[in-house]
Amino acid sequence: MTYNLTVRPDGAVFIIGGTGGAGSAIVRAFAKTGANIAFTYNSNERKANALVEELAADGVKASASKLDITDLQAVEGCIAQVVEQYGHIHTVIYASGPMWDNTLQLADVKPSFMEFLVKTELFGFFNVISATKEQMRANKGVITVCTSFGNARRFDRDGQSAVPKAGLESMALYLAAEEAVYGVRANVVRLGWFNFGMGAIDKAEAELDDPGRAMTGGDAGAEALEWMTSRIRLGNRPGRGEELASMVLYLSSEQASYVTGQITCVDGGISL
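Each residue of the sequence shown is one higher than the one before, counting from 1 in the working numbering.
Take a look at the structure:
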């Protein structure tokens, strides 16, 4: 028996961080369902335009918007434009996140940088939720938040990424509980070690578009990559983008209509 995931063809899927490794994999997965896609990016306009052109060549209606999610007015303006273009938004995917330095233990992180991480992650995501709440409630929307396996298992020098994401997870679960009365669903996907994470970073391409990316490169990045992959139970390899995207796609589909308030790890067993 074959099962096909069904994603609503009306309105739009709104993806925060569509040009990063996680986000672009998710964008391409939704494109294969025929969904209309609106995604944001932080700074890489070239990559965003190339992705829109790629989707257009396949007959997919898509648009990209440069957006600072910490700016509520900008977020509200972006949402208004998406609604004007597509009619409504029925799905919100958060696949963004600041880069961070994995050479530092949590207590050694500068308070100013920790403030930046919390503001970008928590307040940024809250701005998106605030600006899309009416769309979610009116359309029985779906919210999926991509976080990190660092909240399933503790790893040294991962705290500055994991701590703000713990707040994201809590926010998602509260949304699942409180917004269920409107038919809104909210879930969390914890990413493991993927082939677009640390050790695969081009600093020239750096932007706020990958949850959990570390900014360490060179020998330190290679050493960390080797250490981490040795602890992945399924094949001692990093995950592939499509392996993450398929879970996000499922949670957004009609086949997951009874799934809400769940935290799912897509990590090859590293959190076990």
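Just so it is clear, CB atoms sit at the ideal spot from N, CA and C, and this is done for glycine as well. Computed from a predicted structure; not experimentally measured.
- Message: Excluding the 5 residues flanking residue 2 on each side, which residues of the same chain have their C-beta closer than 8 Å to its C-beta?
- Response: Locating residue 2 in the sequence shown gives position 2, where the first residue counts as 1. At residue 2 the pLDDT is 48, less than 50, meaning the model places this residue with poor confidence and gives no usable figure here.
Inset, instruction - On the DSSP bridge assignment, give the partners of residue 191 in chain order. - result: On the sequence shown, residue 191 is found 191 positions in, with the first residue counted as 1. According to DSSP, residue 191 bridges with 148, 266.
**Asked** So what's residue 46 in DSSP terms, helix, strand or just coil?
**Response** Indexing the sequence shown from 1 puts residue 46 at position 46. Three-state result, residue 46: helix.
| said: Please state the DSSP three-state secondary structure of residue 244. | reply: Residue numbering aside, residue 244 sits at position 244 when the sequence shown is read from its first letter. Helix at residue 244.
- Task: State the Cα-Cα distance for the pair residue 67 and residue 45, rounded to the nearest angstrom.
- Result: The residue given as residue 67 occupies position 67 in the sequence shown. The residue given as residue 45 occupies position 45 in the sequence shown. Looking at the two C-alpha atoms, the distance is approximately 11 Å.
Leaving aside the five residues before and after residue 63 along the sequence, list all residues of the same chain whose C-beta is less than 7 Å from its C-beta, in chain order.
The count along the sequence shown starts at 1 and reaches residue 63 at position 63. The residues are 38, 52, 85.
- Query: When we look at the beta-carbon of residue 122 and count the other beta-carbons within 10 Å, is it buried (16 or more) or exposed?
  - Reply: Your numbering for residue 122 matches position 122 in the sequence shown. With 16 or more Cβ atoms within 10 Å of its Cβ, residue 122 is classed as buried.
*Residues bridged to residue 91 [DSSP beta-bridge criterion]*: Taking the sequence shown and counting its residues from 1, the one referred to as residue 91 is at position 91. Residue 91 is bridged to 13, 142.
Taking 7 Å as the CB-CB limit, is residue 196 close to chain D?
In the displayed structure, chain D is absent; only one protein chain is listed.
ask   = Which value, in whole angstroms, describes the spacing of the CA atoms of residue 25 and residue 109?
value = Position 25 of the sequence shown, counted from the first residue, corresponds to residue 25. Position 109 of the sequence shown, counted from the first residue, corresponds to residue 109. Answer to the nearest angstrom: the Cα atoms are 31 Å apart.
Residue 228 and residue 193 closer than 7 Å at C-beta
Here residue 228 refers to the residue found at position 228 of the sequence shown. Here residue 193 refers to the residue found at position 193 of the sequence shown. Contact flag set, yes.
Original post:
Roughly how many whole angstroms lie between the Cα atoms of residue 17 and residue 249?
Top reply: Taking the sequence shown and counting its residues from 1, the one referred to as residue 17 is at position 17. Taking the sequence shown and counting its residues from 1, the one referred to as residue 249 is at position 249. The alpha-carbon atoms of residue 17 and residue 249 are separated by roughly 16 Å.
Please state the DSSP three-state secondary structure of residue 65.
By 1-based counting over the sequence shown, the position of residue 65 is 65. Residue 65 falls in the strand class under three-state DSSP.
Check your understanding: In angstroms, rounded to a whole number, what distance separates the CA positions of residue 69 and residue 14?
Key -> Residue 69 sits at position 69 when you count from the first residue of the sequence shown. Residue 14 sits at position 14 when you count from the first residue of the sequence shown. If I take the Cα positions, the gap works out to 13 Å.
Query - Buried versus exposed, by CB contacts within 10 Å (16 or more), residue 98 - result: Residue 98 sits at position 98 when you count from the first residue of the sequence shown. With 16 or more Cβ atoms within 10 Å of its Cβ, residue 98 is classed as buried.
**Residue from 40, 8, 48 whose Cα sits closest to the Cα of residue 32** = Residue 32 sits at position 32 when you count from the first residue of the sequence shown. Per the Cα distances, 8.
### Straight-line Cα distance separating residue 135 from residue 92
Numbered from 1 along the sequence shown, position 92 holds the residue referred to as residue 92. Numbered from 1 along the sequence shown, position 135 holds the residue referred to as residue 135. The alpha-carbon atoms of residue 92 and residue 135 are separated by roughly 10 Å.
* Asked: Does the distance from the C-beta atom of residue 90 to that of residue 141 stay below 7 Å?
  -> Translated into the one-based positions of the sequence shown, residue 90 becomes position 90. Translated into the one-based positions of the sequence shown, residue 141 becomes position 141. It is a contact, given that the beta carbons lie within the stated cut-off.
*What residues are listed by DSSP as bridge partners for residue 186?*
For the purposes of this step, residue 186 is identified with residue 186 of the sequence shown, where counting begins at 1. Paired residue(s): 143.
Report task. For the beta strand (DSSP E) holding residue 273, just list the boundary residues, first then last. Result -> Residue 273 lies beyond the stretch modelled for the chain, which goes from 1 to 272, so this question has no answer here.
task: Could you tell me which residues DSSP puts in a beta bridge with residue 41?
output: In the sequence shown, counting from the first residue as 1, residue 41 sits at position 41. BP columns for residue 41 point to 66.
- request: Could you name the residues of the same chain whose beta carbon sits closer than 6 Å to that of residue 6, not counting the 5 residues immediately before and after it, in chain order?
  value: One-based indexing of the sequence shown puts residue 6 at position 6. Closer than 6 Å at the Cβ level, and outside the excluded window around residue 6, lie 253, 254.
- prompt: What residue range is occupied by the uninterrupted alpha helix (DSSP H) comprising residue 23?
  reply: Taking the sequence shown and counting its residues from 1, the one referred to as residue 23 is at position 23. Looking at the DSSP string, the run of the alpha helix (DSSP H) that includes residue 23 is 21-31.
task: Going by CA-CA distance only, name the one from 80, 247, 107, 174 that's closest to residue 265.
output: If you number the sequence shown from 1, residue 265 lands on position 265. Residue 265 has its Cα closest to that of 247, out of 80, 247, 107, 174.
*asked:* Please state the DSSP three-state secondary structure of residue 239.
replied: Here the question's residue 239 lines up with position 239 in the sequence shown. DSSP places residue 239 in strand when its eight states are reduced to three.
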